[in-house]
Amino acid sequence: MVKNEKGFTLLEVMLVVVILAILAAIVIPRFIGNAETAREKADITTGREVKAALDRYQVDNGIYPKIDELSAANGTITGSGLIPDYIARLDSTVTQQKAEAGKTGFGIEEITGNTFPDPGNLIMVYLSSDGSQAEVKVFDESLASTLWSSI
């Protein structure tokens, strides 16, 4: 009686597992890096959209929104005129990067000349008190470096 056994040996199975582990170790970090880059680019696009909305507001009204016309809390900018007429919403769910709690979303600071206060959020809107200036800056998740600036 001839016994015909079919299947893989333990050595063959272990070899396949090792090869898959090596491939995963190479591929997974690339996907993570690509995801971080995609989140940064999404926030840059959002920053450009905010600047475009500010510019449209300025064309229609002759000045940019003044610093006291908008308010920011918990990464959300509110105020009549700019929102929702020129841009639908500016809240912490719009930004994509994974920053610390309280640093996601949008912030507003007053700009004086060419001096910009330190950022408090991923996307900062800098407005003058008289409506003559409006700039937008997008920062990385640590808020240490500028990814994009409208200047």
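Start counting the sequence shown at 37; every next residue gets the next number (our numbering).
Idealized CB from N, CA, C, for every residue including glycine.
Here T129 is exposed, its C-beta having fewer than 16 other C-beta atoms within 10 Å. I103 carries a helical assignment under DSSP once its states are collapsed to helix, strand and coil. Assigned with DSSP and collapsed to three states, F67 falls in helix. Comparing C-alpha distances from D127 to each of S186, S116, T112 shows the shortest one belongs to T112.
In this structure T81 is exposed. Its beta-carbon is surrounded by fewer than 16 other beta-carbon atoms within 10 angstroms. L118 is a Cβ neighbour of Y93, given a cutoff of 8 angstroms. Here Y93 carries a helix assignment [DSSP, helix/strand/coil].
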